[in-house]
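For the sequence shown, the working numbering begins at 340 and goes up steadily by one.
Below is one structure, written out as structure tokens; the observations come after it.
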Amino acid sequence: MAETVSIVGLHFPSFYFKDFEAAVAFYTGIFGPPQNDDPRIKGWHLGNTWLTFFPAEDMGTDPNGNPRNAEFAVQVAAPEQVDTLYNALLEAGATPCRAPEDTRMYDKMRYCCVDDPFGVRVDVYCPL
């Protein structure tokens, strides 16, 4: 990667479940009720990050590859570094999912995501 990217942290672990309702019920018993109001996803604010669950059909599958059931987010130090890291991931062989954009997911942020060659979704973001 030609440009330097300052990584601030690794956040927002996300998982995709075939039995979404059972997984939500299990973790609700541990962490209490989810703290978001989107019926499609459930999230718990834990410490300095969010744990998020999705139904498995939201991720898709690759019958010849690794399971696609995990996601993580990399926080960078400046909004323009979202674009820099996105381009570096694409150059390394990742598949684009969402091009960099300003949006709101729990908070306002510059955001993008890719799928790596191993079945993991990688989000890159910077709070705005």
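By construction, the Cβ of each residue, glycine as well, lies at the ideal position given by its N, Cα and C atoms.
Can you check which of these residues, E410, D441 and R407, is closest to V421 by C-alpha distance?
Looking up residue 421 in the sequence shown gives position 82. The shortest Cα separation from V421 among E410, D441 and R407 belongs to D441.
What does the alpha-carbon distance come out to for the pair I346 and Q414?
Along the sequence shown, read from residue 1 onward, the residue named residue 346 stands at position 7. Along the sequence shown, read from residue 1 onward, the residue named residue 414 stands at position 75. Whole-angstrom Cα-Cα distance: 6 Å.
Indicate whether the contact test is met: 3 or more Cβ pairs, each with one atom in the segment 421 to 434 and one in the segment 369 to 380, closer than 8 Å.
no
Just mark K381 as buried or exposed, buried being the case when its beta carbon has 16 or more other beta carbons within 10 Å.
Locating residue 381 in the sequence shown gives position 42, counting from the first residue. Burial call: buried.
H384 to F351 span [Cα, whole Å]:
In the sequence shown, counting from the first residue as 1, residue 384 sits at position 45. In the sequence shown, counting from the first residue as 1, residue 351 sits at position 12. Going from the Cα of H384 to the Cα of F351 covers about 9 Å.
In the DSSP assignment, the beta strand (DSSP E) including A409 goes from what residue to what residue?
Stepping through the sequence shown from its first residue, residue 409 is reached at position 70. Note, A409: beta strand (DSSP E), A409 to V415.
Hey, would you say A395 sits closer than 8 Å to F356, going by beta carbons?
Counting from 1 along the sequence shown, the entry for residue 395 is found at position 56. Counting from 1 along the sequence shown, the entry for residue 356 is found at position 17. Yes; because the gap between Cβ atoms is below 8 Å, this pair is in contact.
Do C465 and C452 have their C-beta atoms closer together than 8 Å?
One-based indexing of the sequence shown puts residue 465 at position 126. One-based indexing of the sequence shown puts residue 452 at position 113. Cβ distance not < 8 Å, so C465 and C452 don't count as in contact.
Where does D377 sit, in a helix, a strand or coil, going by DSSP?
If you number the sequence shown from 1, residue 377 lands on position 38. Reduced to three states, the DSSP call for D377 is coil.
Please go through the same chain and pick out, in chain order, the residues whose beta-carbon is closer than 7 Å to the beta-carbon of M448, but skip the five residues on each side of it.
Within the sequence shown, numbered from 1, the residue matching residue 448 stands at position 109. For M448, where only same-chain residues beyond five positions count, the Cβ hits under 7 Å are T442, Y464, C465, P466 and L467.
Starting from the Cα of P456, find the closest Cα among D446, L429, Y450 and A438 and give me that residue.
Here residue 456 refers to the residue found at position 117 of the sequence shown. Of the candidates D446, L429, Y450 and A438, the one whose C-alpha sits nearest the C-alpha of P456 is L429.
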